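Residue numbers (the numbering used here): 4 to 208. Just so you know, even glycine gets a beta-carbon here, dropped at the ideal spot from N, CA and C. Here the structure is a predicted model, which is why all the values come from computation and not from measurement. Written out below as C-alpha cells is the structure these notes cover.
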C-alpha cells in the first residue's frame, strides 16, 4: 500500500506586514519576503513534528522560510533536499499606480490579476504554474510508493497541489490549521475504481 502525501505551509516569516506601500514597493517587499527566514518566535505544532517523524521522505522549496520550516519540523535530525520546483506561485506587482496598501492587500490583488493572465516578462504564468504543479504531484505520488512523503512549501502552491492530487486518485484524509502558517494536509490514495475515474477526468482538463 502506498504511503501518504503531506503538504505543509511554512511558518511565519520574519518580516512585518504592518506597512503601507505602492505597487512598485510591493515588488521589493515580496523579494524581501522571499529572502526571509522564520520569525525567531516560531515553532511547529506537535502534530507536524509527528508527521515529519513518520515520513520516509521530507522535501522543501528552496526559499528560506520553507527550508527552516522543514528543519524545525524534523528537529534538524535529517538532511532535507530543497528543490525550486516547490517554490510559491508568483505574485507579480499589479499594474495599479498611486495607491498605498498593505502587503496583504497587494497580495490578494496580485493573485487575482495573475490568476486572470497577468504575467510580465520573466514571470511564470498561471498556465505554466499548473504545468509545474502537475509535475510536483506526479513526483510526490512516485515518492509515496515508498512511504509517507512530507513537502514543506507554500500556501497557494499547496492549494494547487490539493486540486491536482484530488483529481488524480488521492483524497484528503486530514488537515490542520486551514491555510494559516504551519497548516498541513494529509492525502491517501482512494480505491482503484474511483482513482481511474478521477484520473480520466484530470486527463480531459
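Query                                                                                      : Result
Environment of residue 23 [buried if 16+ CB atoms lie within 10 Å]                         : exposed
C-beta contact flag for residue 5 and residue 153 at 8 Å                                   : no
Where the beta strand (DSSP E) through residue 156 begins and ends                         : 152-156
Rounded distance between the beta-carbons of residue 34 and residue 65, thought under 8 Å  : At roughly 14 Å, the Cβ-Cβ gap does not stay under 8 Å, so residue 65 and residue 34 are not in contact.
Residues that residue 60 bridges to, as DSSP identifies them                               : 152
Three-state secondary structure (DSSP) of residue 16                                       : strand
Pair within 8 Å by beta-carbon distance, residue 220 and residue 55                        : With the chain covering only 4 through 208, there is no way to say anything about residue 220.
Anticipated Cβ contact below 8 Å, residue 26 with residue 109, distance rounded            : 7 Å
Extent of the continuous alpha helix (DSSP H) to which residue 140 belongs                 : 129-147
Closest residue to residue 13 among 53, 126, 71 and 30 (Cα-Cα distance)                    : 71
For residue 69, three-class secondary structure by DSSP                                    : helix
Whether residue 163 touches residue 136 by CB criterion (8 Å)                              : yes
Exposure of residue 111, with buried meaning 16 or more beta-carbon neighbours within 10 Å : exposed
Identity of the residue in 74, 106, 15 and 93 nearest residue 117 by Cα                    : 93
Residues near residue 138 in its chain [Cβ-Cβ closer than 7 Å; skip 5 each side]           : 88
Contact check, residue 62 vs residue 83, beta carbons under 8 Å                            : yes
CA-to-CA distance, residue 168 to residue 198, given in whole angstroms                    : With a pLDDT of only 47 at residue 198, under 50, the local geometry of the prediction cannot be trusted, and the value read off the model is given with reservation. C-alpha separation (whole angstroms): 10 Å.
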